[in-house]
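Only one structure is covered here, and it is reproduced in the block below.
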Amino acid sequence: MNQANVVKIRGAREHNLKNVSVDVPRDCFVAFSGISGSGKSSLAFGTIYAEAQRRYFESVSPYARRLIDQLAVPDVDSIEGLPPAIALQQQRGASNPRSTVGSVSTLSHLLRMLFSRAGDYPRGLALLYAEDFSPNTPQGACPNCHGLGQLYDVSEQSMVPNDRLSIRERAIAAWPPAWHGQNLRDILVSLGYDVDVPWHRLPKKQRDWILYTEEQPRVPVYAGYSPAETRRALKRKEEPSYLGTFTGVRKYVLETYRGTHSAVMKKRVTRFLSAMPCPVCHGKRLKPEALRVRFGGEDIAALSHVPLSELSRRLSESNLTHLSDERRVAAERLIRNLVQRIGTLDKLGLGYLFLDRTAPTLSPGESQRLRMATQMSSNLFGVVYVLDEPSAGLHPADTEALLEALQVLRSHGNSLFVIEHDLDILRRADWLIDVGPGAGEEGGEILYSGPPQNVRKVAGSATGQYLFKKPPIIADDPRPATGWLKLRKVTRNNLSALDVDIPLGVFAVVSGVSGAGKSSLLHALIDLLHDRVARERAATEAGQAEELPPLSGTAPQSSGELHAGGENVTRVVSIDQRPIGRTPRSNLATYTGLFDEVRRLFAATPVAKAHRFGAGRFSFNVSGGRCPRCEGEGFVSVELLFMPSVYSPCPVCHGARYNEATLQAKLRGKNIAEVLGLSVRQALEFFAAEPSVQRPLKLLNAIGLGYLRLGQPATELSGGEAQRIKLATELQRVPRGATLYVIDEPTIGLHAADIDLLLLQLNALVHAGNSVLVAEHDTRILAQADWVIDLGPGAGNLGGRIVAAGTPAMLAENASSKTGIHLAKSCGRDTQSA
Ligand code: ADP
Ligand code: ADP
Ligand code: ZN
Ligand code: ZN
28 MNQANVVKIR
38 GAREHNLKNV
48 SVDVPRDCFV
58 AFSGISGSGK
68 SSLAFGTIYA
78 EAQRRYFESV
88 SPYARRLIDQ
98 LAVPDVDSIE
108 GLPPAIALQQ
118 QRGASNPRST
128 VGSVSTLSHL
138 LRMLFSRAGD
148 YPRGLALLYA
158 EDFSPNTPQG
168 ACPNCHGLGQ
178 LYDVSEQSMV
188 PNDRLSIRER
198 AIAAWPPAWH
208 GQNLRDILVS
218 LGYDVDVPWH
228 RLPKKQRDWI
238 LYTEEQPRVP
248 VYAGYSPAET
258 RRALKRKEEP
268 SYLGTFTGVR
278 KYVLETYRGT
288 HSAVMKKRVT
298 RFLSAMPCPV
308 CHGKRLKPEA
318 LRVRFGGEDI
328 AALSHVPLSE
338 LSRRLSESNL
348 THLSDERRVA
358 AERLIRNLVQ
368 RIGTLDKLGL
378 GYLFLDRTAP
388 TLSPGESQRL
398 RMATQMSSNL
408 FGVVYVLDEP
418 SAGLHPADTE
428 ALLEALQVLR
438 SHGNSLFVIE
448 HDLDILRRAD
458 WLIDVGPGAG
468 EEGGEILYSG
478 PPQNVRKVAG
488 SATGQYLFKK
498 PPIIADDPRP
508 ATGWLKLRKV
518 TRNNLSALDV
528 DIPLGVFAVV
538 SGVSGAGKSS
548 LLHALIDLLH
558 DRVARERAAT
568 EAGQAEELPP
578 LSGTAPQSSG
588 ELHAGGENVT
598 RVVSIDQRPI
608 GRTPRSNLAT
618 YTGLFDEVRR
628 LFAATPVAKA
638 HRFGAGRFSF
648 NVSGGRCPRC
658 EGEGFVSVEL
668 LFMPSVYSPC
678 PVCHGARYNE
688 ATLQAKLRGK
698 NIAEVLGLSV
708 RQALEFFAAE
718 PSVQRPLKLL
728 NAIGLGYLRL
738 GQPATELSGG
748 EAQRIKLATE
758 LQRVPRGATL
768 YVIDEPTIGL
778 HAADIDLLLL
788 QLNALVHAGN
798 SVLVAEHDTR
808 ILAQADWVID
818 LGPGAGNLGG
828 RIVAAGTPAM
838 LAENASSKTG
848 IHLAKSCGRD
858 TQSA
């Protein structure tokens with residue numbers, strides 16, 4: 028290695044890194060490998076990228092520094108030869124709902140310029156500027172919906188779901204519950220409305236007034252009186268109980284939605300709102316003038332809603348002969364630029380997206396590849412790109428294109444530091460840095476740094492074994508289905524009237540290229556089963572307020588019918604990669620429920636008994652046993668003038684989270700804080716005699732999470748770790764059978780060695796009489812499935828159909844399936860039994 032051309036890292040100790048030193052070559056493609064939790068991210072992001080960021084922030088003013096979300100200063104002795112770095116991380120959750128594929132890629136800007144310069148203007152319409160074609164600017168937005176394209180509103184049907192009921196029988200479901208609702212009813216009585224006839228028998232005029240009036244009359248209310256008594260009292264001008272103010276139902280719903288600070292109230296009224304297309308722009312979000320300008324006969328909103336590959340074709344075939352020379356030259360230049368950029372996206376398997384697809388609806392993999400393609404057009408050079416598993420969500424058939432894209436970035440004179448698990452990609456890297464050997468405390472060392480082929484000689488490297496070990500073997504004894512879920516006319520996103528049969532009692536996989544419709548099928552299945560069985564989402568945090576549901580209309584809708592087989596499923600559980608909690612207060616021990624057992628054990632210790640400490644005393648979430656200074660968080664935030672606030676260990680409990688008295692209670696020599704500090708594996712030994720604690724710990728260990736600490740805050744866990752914790756929690760339930768587990772891409776973030784552990788657990792679920800359905804690309808998973816449903820053949824409107832359905836062996840012989848071809852190419856066959 029040329030010593031002048033390396034990033035020299037000395038003494039890195041971030042998270043689990045064991046004071047490691049390594050030279051990482053620049054200007055080439057470096058892959059970081061190792062099992063989940065070994066320390067790859069701690070090295071690539073936590074150390075290298077964080078240090079590059081820190082240096083960048085040092086060069087800007089303290090004021091600017093405060094405004095930027097700054098990363099912590101990494102724990103490392105020195106780093107030499109470090110160029111500026113750009114991170115393309117897997118983004119989860121929060122992204123701006125107004126940002127779209129078009130804005131992230133900057134393609135929308137180019138298209139707006141094209142419309143401004145070369146669009147066909149109707150007679151009398153003055154020239155519009157690019158901003159006039161953007162729904163996100165005041166100049167361009169539809170004035171009625173402010174560029175949202177939809178308005179939230181109520182309907183009679185939503186406010187009064189059952190019109191056979193009378194008002195007294197709570198026909199108006201949207202009214203507030205309890206006293207407030209009764210009050211509104213009594214006001215209607217005073218106003219002379221009949222609250223005892225079924226709603227549908229009231230005259231339309233009366234119904235409309237009750238629902239839609241903006242008037243707020245103030246009238247005497249006689250609490251506890253019957254309608255007849257009220258009429259008499261009014262006539263006699265009796266002293267009322269109080270004066271009540273009426274509010275129309277729609278007004279109540281909208282004002283509560285906008286004004287309330289209570290999440291519960293907001294969630295309640297959200298049920299009665301639905302999104303309706305804006306009547307002025309018909310959902311196109313732009314002002315009327317902008318929509319009158321056309322290119323190739325279409326307005327800009329229409330062109331923003333065709334797949335990118337199709338948009339590119341239309342643009343390159345467009346007729347420009349009617350334009351003046353000057354405008355034609357401008358148009359040609361813009362079109363060339365657009366077509367070239369779309370080509371890059373297309374190669375990365377994203378040609379099925381359209382410009383107005385909003386960023387939050389993209390999968391993390393799609394989002395990362397989109398940002399990667401955008402970087403490729405930016406012509407930066409001399410920077411380090413740090414990427415997190417760019418192959419996530421990508422079908423193996425598209426790996427070649429990803430490698431080409433990485434080569435383009437590199438050939439511009441950049442360095443690529445890439446965390447990866449995909450064995451094909453690891454083999455093709457210029458340089459491999461393998462971190463391990465285990466995870467957490469048992470990892471954090473550099474096992475190997477050099478050309479990929481020599482990692483095979485490294486003892487203790489899981490990567491070396493899997494990279495050169497025999498390929499995955501296609502299962503030759505698939506289990507037969509015990510029943511079938513027959514879905515008919517499934518429609519959602521790119522699935523249209525699809526008929527599909529899903530096997531029960533087995534391990535089944537839905538495969539297909541990225542964008543083929545795998546997730547859409549899983550979501551539709553859950554929706555269709557919903558009416559029949561309890562739907563559970565393993566992500567819901569115990570004891571925490573649920574997130575607000577999306578307003579109906581913003582989420583894609585499924586339709587279709589569950590034709591047969593529903594009676595064989597009593598429960599459906601979807602296990603996703605969403606965090607198990609958003610605060611450091613939830614952790615592994617609380618989520619899995621094992622902490623309840625541990626606290627009971629502590630309450631039974633002599634010290635606890637002497638002080639009458641109950642199990643609640645050992646919770647850091649309620650006052651009593653926790654440290655009063657940090658309220659059980661273990662750290663406090665320190666506000667610094669002109670600097671970002673930092674977290675530092677609590678000065679009172681020093682991170683223990685509990686008060687002195689609580690820490691006096693000891694179980695076999697350890698206090699509660701020390702027990703929370705144990706790793707799963709250490710805890711297995713410590714609790715060897717307590718079967719109720721053993722069970723969840725064993726499962727966590729079996730699924731490859733033995734390195735996590737019991738008290739590890741949810742905020743430190745990766746999506747893959749969260750998903751496996753949910754799976755382990757599910758596995759520890761008393762086996763009930765007849766549950767359908769639906770899991771979207773469980774292998775993201777997992778090393779081949781982790782995948783083998785995961786497979787064991789998925790099979791355990793099937794053994795216990797359940798069904799497992801996963802959406803996957805990974806060959807190891809496909810090869811071991813009992814049944815594969817391959818969607819495709821392409822993505823978006825080129826996908827959404829069933830290309831093949833059968834056992835993996837059948838699929839491997841199917842030359843019309845990309846998945847089958849890949850499976851045949853990369854798997855061994857069990858030749859003895861064949
Ligand atoms: P990998 O990228 O190889 O999966 P990580 O670098 O994310 O591994 O994690 C290595 C170890 O550091 C794990 O034990 C993990 O739990 C721990 N860790 C990760 N993030 C944090 C954090 N923010 N604070 C403390 N520990 C962390
Ligand atoms: P896969 O899971 O196979 O990658 P998806 O089911 O995510 O495929 O996507 C199938 C098609 O549906 C794609 O064309 C995608 O752009 C579209 N799609 C997916 N989610 C949404 C959404 N929330 N809104 C609009 N279109 C979507
Ligand atoms: Zn509008
Ligand atoms: Zn404290």
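Take 28 as the starting number for the sequence shown in my numbering and just add one per residue.
Quick reminder that beta carbons are idealized off the backbone N, C-alpha and C, glycines included.
The model shown is predicted, which means the values in this text are computed figures rather than measured ones.
By the neighbour-count criterion, in which a residue is buried when 16 or more other Cβ atoms sit within 10 angstroms of its Cβ, T133 is exposed. According to the DSSP assignment, R312 belongs to no alpha helix (DSSP H), since it is labelled neither H nor E. Here A157 is not near R312, since their CB atoms are 9 Å or more apart.
Near ligand 4, meaning a Cβ closer than 5 Å to any of its heavy atoms, lie the following residues in chain order: C654, R656, C657, C677, V679 and C680.
The continuous beta strand (DSSP E) containing P530 extends over residues L522 to L531. With contacts defined as CB atoms closer than 9 Å, A419 and L375 fail to qualify as a contacting pair. Exclusion of N163 from the 8 Å shell around ligand 3 follows from its C-beta lying no nearer than that to any non-hydrogen atom of the ligand.
Annotated three-state conformation of R598 is strand, per DSSP. Checking the DSSP bridge columns, you'll see F59 partnered with I446 and I460. Looking from the CA of L548, the closest CA among L800, T287 and P52 belongs to L800. Annotated as distal: R519 and A486, with beta-carbon spacing of 9 Å or more.
Assignment of E353 by DSSP, reduced to helix, strand and coil, places it in the helix class.
For V462, the shortest separation between its Cβ and any heavy atom of ligand 1 lies below 8 Å. Distance from the CA atom of V307 to the CA atom of L792, rounded to whole angstroms, is 53 Å. Bounds of any alpha helix (DSSP H) do not take in R298, whose DSSP letter is neither H nor E. Residue pairing of N614 in beta bridges, as defined by DSSP: P740. Judged by DSSP in its simplified three-state form, E325 adopts strand. In this structure, the straight-line span from the alpha carbon of I199 to that of R259 is close to 26 Å. Around the C-beta of K753, 16 or more other C-beta atoms lie within 10 Å, and the residue is accordingly described as buried. Taking every protein chain shown into account, the CB of P230 has fewer than 16 other CB atoms within 10 angstroms, so this residue is exposed.
Not a single heavy atom of ligand 2 lies less than 8 Å from the C-beta of G146.
Taking a cut-off of 8 Å on C-beta distances, the stretch 397-416 touches the stretch 365-373, as three or more cross pairs fall below it. Each of P304, E468 and S217 was checked against the Cα of G704, and the nearest Cα belongs to E468. Closest in alpha carbon position to N790, among V131, A502 and A255, is A502. In the DSSP assignment, A832 falls within the unbroken beta strand (DSSP E) covering R828 to G833. For D805, the three-state secondary structure derived from DSSP is coil. With contacts defined by Cβ atoms closer than 9 Å, T490 and L453 form a contacting pair.
For L175, the secondary structure class from DSSP, reduced to helix, strand or coil, is coil. In this structure, L318 keeps its C-beta atom at 9 Å or more from the C-beta atom of A145.
In the structure shown, the three-state DSSP call for G470 is coil.
Counting only runs of 3+ residues, the beta strand (DSSP E) found wholly inside the stretch 100-157 occupies 103-107 and 112-115, in chain order.
Distance from V131 to L397 at the Cβ level is roughly 6 Å; contact confirmed, criterion being Cβ atoms closer than 8 Å. At least one heavy atom of ligand 2 lies less than 8 Å from the C-beta of V540. DSSP lists V537 and A832 as the bridge partner or partners of I816. L512 places its beta carbon less than 9 Å from that of A591. Between A79 and P111, the gap from beta carbon to beta carbon is short of 9 Å.
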